[in-house]
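In my numbering, the protein residues as written are 4 to 304. All C-beta atoms, glycine included, are put in the ideal place defined by N, C-alpha and C. Comments concern the structure below.
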């Protein structure tokens with residue numbers, strides 16, 4: 004390169020619980036001039052599970068591209084929340100509604116007080132019966148650890164996640180993930196990753212979960228909005244919990260713990276989920292200066 008590019012990456016913790024914990028995401032403003040290769044290199048150097056790149060859009064308020072350290076993905080919940088929380092704080096949102104263009108189409112965004120919500124699609128479900136034993140083995144689980152009458156299912160509201168319901172927080176905390184096996188099974192079912200959860204929680208929390216996505220370079224993630232939407236759909240459709248507002252916790256049982264709070268609001272028509280909004284709060288932590296084709300300046304300013 005004749006001239007090195009310096010890119011500022013804002014780091015926000017999304018889905019914070021009482022402004023603490025949460026899942027960090029990178030956010031890059033004015034990314035129009037960055038190539039696919041540039042974005043991949045930046046995401047790898049930032050080293051977080053996802054980085055969002057914001058650029059101009061002809062069809063929505065903003066265009067968002069999402070990158071893990073290894074590849075581009077269609078949607079990312081916590082990076083969306085981070086991006087729109089940051090845009091709100093900068094005064095770049097005109098009102099309480101907005102929209103994002105993605106490689107998988109446009110989605111609505113809502114701002115409710117300090118929370119940002121993103122639209123997801125109506126859920127679709129897929130059975131995994133033929134691989135159930137392999138799935139359990141990949142987590143160090145047995146059939147006895149599963150919640151009764153709660154089948155494992157792949158749920159997709161924009162991205163595919165495997166829902167795995169276990170009986171207790173003790174079982175959830177004691178998982179022994181085999182990441183090579185999880186990656187192979189995730190590839191087989193075309194998943195982002197596993198979402199292992201339990202309803203054995205405090206009264207104000209509907210489920211607490213752990214998310215494993217080694218296929219995308221993410222061993223475990225603290226808060227995954229694109230997985231919380233499928234989980235709320237599963238709770239409604241499969242477990243028969245007929246309400247429209249769910250509180251999902253994630254990250255409490257990872258090491259080190261980073262509890263995240265994700266709110267999911269289902270849009271139900273004639274007892275069928277027509278769509279949903281998943282959201283939370285984004286809090287600015289720091290920023291990094293990334294030099295493309297050079298080392299990251301890790302001094303947070």
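Quiz item: For residue 229, which of helix, strand or coil comes out of DSSP?
Solution: Correct three-state label for residue 229: helix.
Self-check item: Supposed close pair residue 226, residue 122 - CB separation, criterion 8 angstroms
Solution: Not a contact, Cβ separation roughly 18 angstroms.
Quiz item: Are residue 43 and residue 27 touching if we call contact CB-CB under 8 angstroms?
Solution: No, they are not a contact pair.
Practice problem: Find out if the Cβ-Cβ distance for the pair residue 231, residue 281 is shorter than 8 angstroms. | Solution: Cβ atoms of residue 231 and residue 281: closer than 8 angstroms.
Exercise. Taking all protein chains shown into account, decide if residue 303 is buried (16 or more other Cβ within 10 angstroms of its Cβ) or exposed.
Key: For residue 303, the predicted model reports a pLDDT of 41, less than 50, meaning its position is unreliable; a value from the coordinates is still stated below. Counting Cβ neighbours within 10 Å, residue 303 comes out exposed, since fewer than 16 surround it.
Exercise. Please report the residue range of the alpha helix (DSSP H) in which residue 122 lies.
Key: Annotation: residue 122 is outside any alpha helix (DSSP H); the continuous beta strand (DSSP E) that includes it extends over 118 to 124.
Quiz item: Around the Cβ of residue 17, are there at least 16 other Cβ atoms within 10 angstroms (buried) or fewer (exposed)?
Solution: Classified as buried, residue 17 has 16 or more neighbouring CB atoms from the shown chains inside 10 Å of its CB.
Practice problem: Give the secondary structure of residue 37 by DSSP, where H, G and I count as helix, E and B as strand, and everything else as coil. | Solution: DSSP places residue 37 in the coil class of the three-state scheme, outside both helix and strand.
Self-check item: Sequence-distant residues of its chain with Cβ nearer than 7 angstroms to residue 85 (five each side left out)
Solution: Within the same chain, and ignoring the five residues on either side of residue 85 in sequence, the residues whose Cβ sits closer than 7 angstroms to its Cβ are 15, 17, 28, 30, 55, 285.
Self-check item: Run of the beta strand (DSSP E) containing residue 290, from where it starts to where it stops
Solution: The continuous beta strand (DSSP E) containing residue 290 extends over residues 285 to 294.
Quiz item: So who's on the other strand from residue 157, going by DSSP bridges?
Solution: Per DSSP, the beta-bridge partners of residue 157 are 129, 165.
Quiz item: Where residue 299 and residue 8 are concerned, what is the direct C-alpha to C-alpha distance, given to the nearest angstrom?
Solution: Since pLDDT at residue 299 reaches only 42, below the 50 mark, its modelled position is unreliable, and the value read off the structure follows with that caveat. As the crow flies, the alpha-carbon of residue 299 is around 12 angstroms from that of residue 8.
Quiz item: Distance, Cα to Cα, residue 205 vs residue 10?
Solution: Cα-Cα distance, rounded: 42 angstroms.
Quiz item: So, is residue 36 buried or exposed, given that buried needs 16 or more other C-beta atoms within 10 angstroms?
Solution: So residue 36 ends up on the exposed side.
Quiz item: Residues in its own chain within less than 8 angstroms of residue 182 by CB, not counting five upstream and five downstream?
Solution: Here the set comprises 215, 217, 222.
Quiz item: Can you give, in chain order, each stretch of the beta strand (DSSP E) that sits fully within the region 43 to 92 and has at least 3 residues?
Solution: Segments of the beta strand (DSSP E) lying fully in the region 43 to 92: 54 to 58, 65 to 70.
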